[in-house]
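Numbering (the working numbering), first residue to last: 1468 to 1754.
Now the structure itself:
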């Protein structure tokens, strides 16, 4: 399967899972601060770095946007998605001391700090993994961000999201990785960080067995997350409601079951749906 057709398949899956747009009056309420106390900084490091996602999909309209670094944290693709399609999404992890004096990833996280309303930040949390519940999915943490030199400012205390459970050795899809690349270029992040994203490996089905495995996985499991994102998260987004905790817990349990089936049954037969293209040379942006 070519990279272009793979992107088309991933985009089609994304379109099916994309929730309805936020109601117009809720968009105004989300983005209109009542006072300066109603504002906060939010650090985006994943797909929310690009306005195509943050403003276009999530309907969040920042008042300011500043490229920043965040000492002590690194980018990690260890949040599980759907094997064979969207194996991994972005999170961040504290940088661990290395024993050999080297680090395989940039030692400093780069991202974009957005000034938004506190309601908009809660809206972001509700539409990410965990549905905005503190003990499930992404955790709300506060980090210190340093603006780029071209944006003279004092350090920023920003909210951001850290996925509670780490699942290493996953690759993101090319579609998802390209969103990070788009955001990094849109806000002119450091060229070395852009190069790191450009050369990061992505998942792609490279064998007929993997493609058959993808079909089996979709037939057995894909309808549940499609339903969940369309109705539970989608209706919550449309009407500004947090998804019920029990629905988030049920979805989390189902995801664990689906991944166990992938690991124990599908992988030995069809190959893993978690890692694919290994070299940066083939990870260039596909137009």
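Note that beta-carbon positions come from the ideal geometry of N, C-alpha and C, so glycine has one too.
Counting C-beta atoms within 10 angstroms of its own C-beta, residue 1658 has fewer than 16 neighbours from the protein chains shown and is therefore classed as exposed. DSSP places residue 1624 within a strand segment (E or B) once states are collapsed to three. Segment contact: the region 1634 to 1642 against the region 1500 to 1507, fewer than three CB-CB distances shorter than 8 Å; contact not assigned. When only Cα atoms are considered, residue 1742 and residue 1555 end up about 10 Å apart. DSSP places residue 1741 in the coil class of the three-state scheme, outside both helix and strand.
When DSSP assignments are scanned along the region 1533 to 1564, the uninterrupted stretches of beta strand (DSSP E) that are 3 or more residues long and fall wholly within it turn out to be 1540 to 1549 and 1553 to 1561. Using a 10 angstroms sphere on the CB of residue 1515, the tally of other CB atoms reaches 16 or more, which defines it as buried. Residue 1551 and residue 1620 have their alpha carbons spaced roughly 43 Å apart.
Here residue 1647 carries a helix assignment [DSSP, helix/strand/coil]. Excluding five sequence positions before and after residue 1505, the CB atoms of its chain that fall closer than 7 Å to its own CB belong to 1584 and 1585, given in chain order. For residue 1540 against residue 1576, the beta-carbon gap comes to about 4 Å, under 8 Å, which counts as contact. In this structure, the CA atom of residue 1675 is about 47 Å from the CA atom of residue 1613. For residue 1655, the secondary structure class from DSSP, reduced to helix, strand or coil, is coil.
In terms of Cβ geometry, residue 1663 and residue 1535 do not form a close pair [threshold 9 Å].
When secondary structure is reduced to three states using DSSP, residue 1577 falls in the strand class. Contact between residue 1512 and residue 1625 is ruled out by a C-beta separation of about 10 Å, above the 8 Å threshold.
Counting along the chain, residue 1692 sits inside no beta strand (DSSP E); it lies in the alpha helix (DSSP H) bounded by residues 1690 to 1694. A straight line joining the alpha-carbon of residue 1547 with that of residue 1618 spans about 35 Å. Closest in alpha carbon position to residue 1582, among 1717, 1574, 1527 and 1592, is 1527.
Looking at the backbone, the Cα of residue 1723 and that of residue 1604 are separated by about 12 Å. Under the three-state reduction of DSSP output, residue 1720 falls in the helix class.
Under the DSSP assignment, residue 1521 falls in the alpha helix (DSSP H) whose first and last residues are 1518 to 1521. The beta carbon of residue 1595 is closer than 8 Å to those of 1604, 1605 and 1628 in its chain, skipping five residues each way along the sequence. Here residue 1580 is near residue 1623, since their CB atoms are less than 9 Å apart.
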